[in-house]
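> Here you go, one structure.
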Amino acid sequence: MLLLYVNPLLSPMSKAAGNVFVVVAPSGAGKSSLVNALLAQDPKLCLSVSATTRAPRSGETDGKDYRFVSKDEFVAMRQNNQLLEWAEVHGNFYGTPRDQIEQAIHQGRDILLEIDWQGARQVKRLFAQTIGIFILPPSIQTLEQRLQQRGQDSQAVIARRIEAASEEIMHAPEFEYVIINQDFRIALAELAEVVAVARLRYNSQSAKNEGLFASFGLTT
Ligand code: 5GP
695 MLLLYVNPLL SPMSKAAGNV FVVVAPSGAG KSSLVNALLA QDPKLCLSVS
745 ATTRAPRSGE TDGKDYRFVS KDEFVAMRQN NQLLEWAEVH GNFYGTPRDQ
795 IEQAIHQGRD ILLEIDWQGA RQVKRLFAQT IGIFILPPSI QTLEQRLQQR
845 GQDSQAVIAR RIEAASEEIM HAPEFEYVII NQDFRIALAE LAEVVAVARL
895 RYNSQSAKNE GLFASFGLTT
């Protein structure tokens, strides 16, 4: 079951300097590796660290990969209006903390969210400048192999994730860009290209170069 909540008190923000990138993929498509490699080579991009009630996998660090919280802490975050959106995915709760994304946008920094398709839909509604990127695996068999090789989830969890993957993939048409992660280096280069192109959009350029645009009599 998948539940989703969106903070109704937030009004849509259309004019802001920072770009919002939402990267969505089924488990095992290589999303986190791609995103981590992108962040390592692009200091202007920051990551939205989600809160989750899921247990940490080996190698995951609290505050870097996720904010790992108890169910009670998650409920408190929800009640205190600290989450922009939240969802129940694979039996665990996940949510986007509101402060870091709003701060980044207002400071003109670009922020990337690794969330599920329902969260992406809501974020797009809240931030008009959102760019949606969907990562596809080269085949469903590759997806299964990758989940098995990762060795971090039980067989039952893997089976559930593969089933969910097909559902997630059905939402790829909702995204502006699709990257097929067959060759990691090519996929990373394509991801970086999408980010670079998004930064050249009129709204992004005019917000970041207000003085220059005004000097030409251009609207910002
Ligand atoms: P995982 O447990 O494999 O790290 O993530 C499971 C799913 O939850 C992935 O599709 C991931 O993108 C999604 N997810 C992670 N954080 C968030 C969040 O803050 N909000 C939403 N809606 N989904 C999230």
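695 is the number of the first residue of the sequence shown in this note's numbering; add one for each residue after it.
Ideal Cβ placement from N, Cα and C applies to all residues, glycine included.
Which residues in the same chain have their Cβ closer than 7 Å to the Cβ of GLU767, if we skip the five residues on either side of it in sequence?
Sequence index remark: in the sequence shown, residue 767 carries index 73 (1-based). Excluding sequence neighbours, GLU767 sits near nothing in its chain.
> Can you check which of these residues, GLN823, GLN839, ALA850, ASP759, is closest to VAL891 by C-alpha distance?
Numbered from its first residue, the sequence shown carries residue 891 at position 197. Ranking GLN823, GLN839, ALA850, ASP759 by Cα distance to VAL891 puts GLN823 first.
> So if DSSP puts VAL714 in a beta bridge, which residue, or which two residues, is it bridged to?
Taking the sequence shown and counting its residues from 1, one reaches residue 714 at position 20. VAL714 is bridged to ILE805, THR824.
> Taking the straight line between their C-alpha atoms, what separation do you get for ARG893 and ARG772?
As a working note, residue 893 is residue 199 in the sequence shown. As a working note, residue 772 is residue 78 in the sequence shown. Cα to Cα, the separation comes out at about 32 Å.
> Is there at least one Cβ from chain D nearer than 7 Å to SER721's Cβ?
Of the protein chains in the structure, only one exists, and it is not chain D.
> Would the region 901-911 count as touching the region 856-864 if we require 3 or more Cβ pairs under 8 Å?
Output reads no: the region 856-864 does not touch the region 901-911.
> For ALA814, which residues in the same chain have their Cβ closer than 7 Å to its Cβ, ignoring the five residues on either side in sequence?
Locating residue 814 in the sequence shown gives position 120, where the first residue counts as 1. Result list for ALA814: VAL716, VAL718, GLY826, in chain order.
> Bridge partners of PHE768, per DSSP?
The residue given as residue 768 occupies position 74 in the sequence shown. DSSP, once it has assigned bridges, lists no residue as partnering PHE768.
> What are the residues that DSSP puts in a beta bridge with VAL783?
Within the sequence shown, the letter at position 89 stands for residue 783. Paired residues: ASN786.
> In angstroms with no decimal places, state the Cα-to-Cα distance between PRO750 and ASP847.
Counting from one through the sequence shown, the residue named residue 750 turns up at place 56. Counting from one through the sequence shown, the residue named residue 847 turns up at place 153. Computed Cα separation, rounded: 11 Å.
> Answer with buried or exposed for ARG819, where buried requires no fewer than 16 other C-beta atoms within 10 angstroms of its C-beta.
Residue mapping note: residue 819 aligns to position 125 of the sequence shown, counting from 1. Exposed, by the Cβ-count rule.
> Please state if the CB of GLN776 and the CB of ARG792 are separated by a distance shorter than 7 Å.
Counting from 1 along the sequence shown, the entry for residue 792 is found at position 98. Counting from 1 along the sequence shown, the entry for residue 776 is found at position 82. In contact: ARG792 and GLN776 (Cβ atoms closer than 7 Å).
> Tell me whether the beta-carbon of PRO738 lies closer than 7 Å to the beta-carbon of ASP804.
As a first step, residue 738 must be located in the sequence shown, where it is residue number 44. As a first step, residue 804 must be located in the sequence shown, where it is residue number 110. Note on residue identity: the sequence assigns Lys, not Pro, to residue 738. Contact flag set, yes.
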